[in-house]
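K.L.:
Just so you know, the protein sequences line up as chains E and P, in that order. Residue 255 in the numbering used here sits at position 255 of the first sequence, and the numbers go up by one each step. If you count the second sequence from 1, you need to add 581 to reach the numbering used here. Below you'll find the structure I mean.
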Amino acid sequence: MKRFIESICKTFNCDKTRLLDIFWAIQEKYSYVPQKTLDLLSHKLKLSIPELKDTLTFYHFFHQKPSGKIIIYVDSSAISEIFGLNKIISSFEQELNCKMGEVDPTGQFGLFKTPCIGMSDQAPAALIHGIPVGKLTTAKIKKIVADLRKNILPKVQIKNKVQLRGPVLFEKHNVGESLDLLYALTPDQIIQEVEDSGIRGRGGAGFSTGKKWRFCAEQKEKQRYIVCNADEGEPGTFKDRYLLTKNPTLVFEGMILAARAIGANQGLIYLRAEYKYLKGHLQSILDQMQLQNLLGNQILDIPNFDFHIRIQLGAGSYVVGEETALLESLEGRRGEPRMRPPFPVEQGYLSKPTIINNVETFASVSKIIKNGAHWYKKFGTSSSPGTKLLSVSGDCAHPGIYEVEWGLSIRQFLKLVGATNTLAVQVGGPSGQCISLKEKNRRLSFDDLPTGGSMMVFSKKRNLLNIIKNFVQFFQDESCGCCLPCRAGNIVLNEQMHAILSSEAAEVDLQRIQNWSKIISASSRCGLGQSCTNPMISSMQAFPEIYKKNVKAHESLYRPFDVENKTVAYEQVVQLHEKES
Amino acid sequence: MTKNKKVSLATISLAGCFGCHMSFLDMDMKVVDLVDLVDLHTSPFNDLKDFTQKVDVGLIEGGVCNDENVERLRSFRKNCKILISLGECAIMGGLPALRNNIPLKDCLEEAYVNTPTTDTQKGIIPHHEDIPKILDKVYPCHEVVKIDYFLPGCPPSADAIWQILTDLIHGKEPQLNYGQIKYD
């Protein structure tokens, strides 16, 4: 073990910021991260054990006890749930002969739940030893497990179904085409073009990309970084999966243009662990681009234009999608959001000016530079120019990828995706808004209904409260715990949701939810805490009758509290002691 | 509540340290005023154990750590029009709830078996039909019954207790000003 740890540390130059890679290497060898390795690492990396554990315990793909040589993570998103998650779980439990969250008796297999793995168009899905498998059925699971017992891993089975090829990202594009403009445009002109296009960040927050680049270019510090946020964690989203699978060069070109614009020589792609299977593919594309002189030193023979891209694998955390949490994670720490200011453009990766953009933003920028800001502005609306890649899932005839122009109304959207008998649309994932058909004239745009791409459709046969409960549970699980309103508030909301579902809540509880939500969203540090109350609040606004129907008019004086059940533990301890003496 | 009628009051300490009750007595000379305003019923102050009639206000100190606490709390809910969680332990479990992250077996063994002062060869974990049974965890009062008001503090100051009681006596919605809930 000692030799192994030494060799890994050597591979990564004893660099503390590569701690995630080091843990991945250890976990791949031992299938978990043994305590003993921490002692060795502590010595090598000059980090204390608590510092190491800080990082290790934060990410849910890292295990501290043996968790099976082959780990199966079942996608527990709301979409999986409506397409038979419970049945899938019991099939796995039966086939593997172990309970959810446990390891089978042979120690070969571990079975765990994980939030959305970016396969909502093919739900229910699971990650099997890092390989995504969709459209699971009992028969399919039987076959998979039988194969696994014969040491045969499943093949990557992803259908990247494009339902609507839009005018921007699907416009014909040869590799490196946008980079031809590097000869013609000065860095400042690149920024100007991006600024003129009016493009806003595609991750969800919608900050002006041009402005972000401009701020970064204006910093005094000359060492700068480009970071591509490929940590698409919002449940229901899989559009970055599509781009990274089918058109990664478009994304890389955007990064190269950004590097030229601000004078960065190092880029990083933070790839979510759920997309680990894409890492090899992306690396080979990067290598190819290097051979074509599109990456590396003196790109396209432009003097002093060096740019390298490294892929950093995440390890399972939703909040890391928040840009400052992502920076913490890139530096090998817990993915807890930083206080802002300073903003990443001032002090980002390694405290240097950094541009962080979403995968889709970089891809769109390539097109903007290639075709011009004027061309780009022809699409979309005046405040939300351009197009948006949507990941459509749930109760509709045509789930999959759509590239639509901003300004699409919900009515048009539902027609497009073939949704009938629709009850609700969750726009922008759990952190977005739940809307009813009364709002079908609302439009997808930054002024009305913003979305990072996740569009989940639910029909009238679904129990909306179960879906909202899934979202609330998701936020409780994914809260990093850094600030109290989010850490404790989500537990309060989850308990209230549980009370509503078990018909124990009263009307006054609905008011309490509103009050708590105000506190949580107003006083949390990052986007997770600020938006985690959205599913409950927006669904209460859109469907007051559903909530009303499930709550009592008057609050009961007595809470359900099972004394018998809660004294069992004591009785057992007493009996055990009696027996011993 | 009708204005300026004498208010009947009951108090109890569950899984608490009686600190909140001590703080109540810290009212100094106001206790004398309170005698004119309040009728004291079931309370450790007068050692009355059971309710003989329904009362207006019940003050609960401490959280819920055993089955007797549950029973007593339910009886308070049954007999008090208004129930107030008094202090940190009643509101959130407080110090006793520190055991919530430790397995019950370890807690009991630490307290009764492995202590240096255990005088028999092998310690005995107390159990008898007359002794309350410990719950798996310490719970805040509002997880067992509905609580109408929460009076924070460890302990809440005598001032704050006085304020809440006199507000209720005068038929006002109880309210504490910032100074009364600021602790640093």
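Don't be surprised by glycine CBs; every beta carbon is placed ideally from N, CA and C.
Could you work out which residue in E:G452, E:I467 and E:G453 is closest to S459 (chain E) when comparing CA atoms only?
P.N.:
Nearest option by C-alpha distance: E:I467.
K.L.:
At what residue ranges does the segment 484 to 545 of chain E contain a whole run of the alpha helix (DSSP H), taking only runs of 4 or more?
P.N.:
Qualifying alpha helix (DSSP H) stretches, in chain order: 484 to 501, 507 to 523, 527 to 531 and 534 to 542.
K.L.:
Once DSSP output is grouped into helix, strand and coil, what is the label at P385 (chain E)?
P.N.:
Strand at P385 (chain E).
K.L.:
If I'm right that S77 (chain E) touches C116 (chain E) with Cβ under 8 Å, what's the distance once you round it to whole angstroms?
P.N.:
Contact holds; Cβ gap of about 4 Å.
K.L.:
Starting from the Cα of K279 (chain E), find the closest Cα among E:I311, E:L390 and E:R149 and give me that residue.
P.N.:
Considering only alpha carbons, the answer is E:I311.
K.L.:
Using a 10 Å radius around the Cβ and a threshold of 16 neighbouring Cβ atoms, would you call V194 (chain E) buried or exposed?
P.N.:
Buried, because 16 or more other Cβ atoms sit within 10 Å of the Cβ of V194 (chain E).
K.L.:
In the DSSP assignment, what are the bridge partners of A126 (chain E)?
P.N.:
Answer by DSSP bridge pairing, in chain order: E:V74 and E:V133.
K.L.:
Nearest to V551 (chain E) by CA position, among E:K388, E:D509 and E:V162, is which residue?
P.N.:
Of the candidates E:K388, E:D509 and E:V162, the one whose C-alpha sits nearest the C-alpha of V551 (chain E) is E:D509.
K.L.:
Closer than 7 Å by beta-carbon distance: list the chain E residues that pair up with L689 (chain P), in chain order.
P.N.:
Those within 7 Å of L689 (chain P) in chain E are V573.
K.L.:
Could you tell me whether any Cβ in chain E is nearer than 8 Å to the Cβ of E724 (chain P)?
P.N.:
Output row for E724 (chain P): interface = yes.
K.L.:
Under the criterion of a Cβ to heavy atom distance below 7 Å, does K662 (chain P) qualify as lining the ligand HEM?
P.N.:
No copy of the ligand HEM occurs in the structure displayed, which carries no ligand at all.
K.L.:
Nearest to S31 (chain E) by alpha carbon, out of E:H398, E:A123, E:C532 and E:F61?
P.N.:
When each option's Cα is compared against that of S31 (chain E), the closest is E:F61.
K.L.:
Could you tell me whether any Cβ in chain P is nearer than 8 Å to the Cβ of T57 (chain E)?
P.N.:
Chain P, which has no Cβ nearer than 8 Å to the Cβ of T57 (chain E), makes this no.
K.L.:
Are the C-beta of F561 (chain E) and some C-beta of chain P separated by less than 8 Å?
P.N.:
For F561 (chain E), the answer is yes, since a Cβ of chain P falls inside 8 Å of its Cβ.
K.L.:
Buried or exposed: which applies to L179 (chain E), given that a residue is buried once 16 or more other Cβ atoms fall within 10 Å of its Cβ?
P.N.:
Answer is buried; the Cβ neighbour count reaches 16.
K.L.:
Indicate whether A363 (chain E) and L243 (chain E) have their beta-carbon atoms separated by less than 8 Å.
P.N.:
Contact: yes.
K.L.:
Can you name the residues that DSSP bridges to L585 (chain E)?
P.N.:
Chain E is shown only over 1 to 581; residue 585 (chain E) falls outside these bounds and no answer can be derived.
K.L.:
What is the DSSP secondary structure of I152 (chain E), reduced to helix, strand or coil?
P.N.:
DSSP places I152 (chain E) in coil when its eight states are reduced to three.
K.L.:
Closest to R149 (chain E) by CA distance: which of E:I158, E:F170, E:F109 and E:K99 is it?
P.N.:
Ranking the options by Cα distance to R149 (chain E), first place goes to E:F109.
K.L.:
How long is the line joining the alpha carbons of R200 (chain E) and L444 (chain E), rounded to whole angstroms?
P.N.:
If I take the Cα positions, the gap works out to 14 Å.
K.L.:
Helix, strand or coil: which one does DSSP assign to V457 (chain E)?
P.N.:
Note: V457 (chain E) maps to strand in three-state DSSP.
K.L.:
Within its chain, find whatever has a CB closer than 7 Å to the CB of K587 (chain P); leave out the 5 residues flanking it on each side and keep chain order.
P.N.:
Result list for K587 (chain P): L618, V619 and D620, in chain order.
K.L.:
Which chain E residues sit within Cβ distance under 9 Å of D700 (chain P)?
P.N.:
None at all; the shortest Cβ gap to chain E is about 15 Å.
K.L.:
Report the partner residues of H405 (chain E) according to the DSSP bridge assignment.
P.N.:
The displayed chain sequence assigns Glu, not His, to residue 405 (chain E). DSSP, once it has assigned bridges, lists E:T387 as partnering E405 (chain E).
K.L.:
Reducing DSSP to helix, strand and coil, say where C646 (chain P) ends up.
P.N.:
Strand.
K.L.:
In the structure shown, what three-state DSSP assignment does A146 (chain E) receive?
P.N.:
Helix.
K.L.:
Inspect the beta-carbon positions of D775 (chain P) and T567 (chain E) and report whether they are closer than 8 Å.
P.N.:
The question about residue 775 (chain P) has no answer here: the residues shown for chain P are numbered 582 through 765.
K.L.:
Could you name each continuous beta strand (DSSP E) segment of 3 residues or more that falls completely within the segment 612 to 673 of chain P, going from the start of the chain to the end?
P.N.:
Taking only runs of at least 3 residues, the beta strand (DSSP E) segments lying wholly in the segment 612 to 673 of chain P are 619 to 621, 636 to 642, 645 to 647 and 661 to 667.
K.L.:
Are the C-beta atoms of M582 (chain P) and some chain E residue less than 8 Å apart?
P.N.:
Bear in mind that the predicted position of M582 (chain P) carries a pLDDT of just 46, short of 50, making it unreliable; the figure below should be weighed with that in mind. No, M582 (chain P) lies away from the interface with chain E (no Cβ there is under 8 Å from its Cβ).
K.L.:
So is I715 (chain P) in contact with chain E if we call contact Cβ pairs under 8 Å?
P.N.:
Yes, I715 (chain P) lies at the interface with chain E (some Cβ there is under 8 Å from its Cβ).
K.L.:
Got a sec: is the Cβ-Cβ distance from G581 (chain E) to anything in chain P below 8 Å?
P.N.:
The question names Gly, yet the displayed sequence has Ser at residue 581 (chain E). Chain P contact via Cβ: present.
K.L.:
Just to confirm the assignment, what range does the beta strand (DSSP E) spanning N357 (chain E) have?
P.N.:
Note, N357 (chain E): beta strand (DSSP E), T354 to N358.
K.L.:
If we call anything under 8 Å between Cβ atoms a contact, is S454 (chain E) one with P235 (chain E)?
P.N.:
In this structure, P235 (chain E) lies closer than 8 Å to S454 (chain E) by Cβ.
K.L.:
If we define contact as Cβ-Cβ less than 8 Å, is R653 (chain P) a contact residue for chain E?
P.N.:
Not one chain E Cβ lies under 8 Å of R653 (chain P).
K.L.:
In the structure shown, what three-state DSSP assignment does V175 (chain E) receive?
P.N.:
Coil.
K.L.:
If you check the beta carbons only, do L757 (chain P) and A741 (chain P) fall under 8 Å apart?
P.N.:
Yes. Within cutoff.
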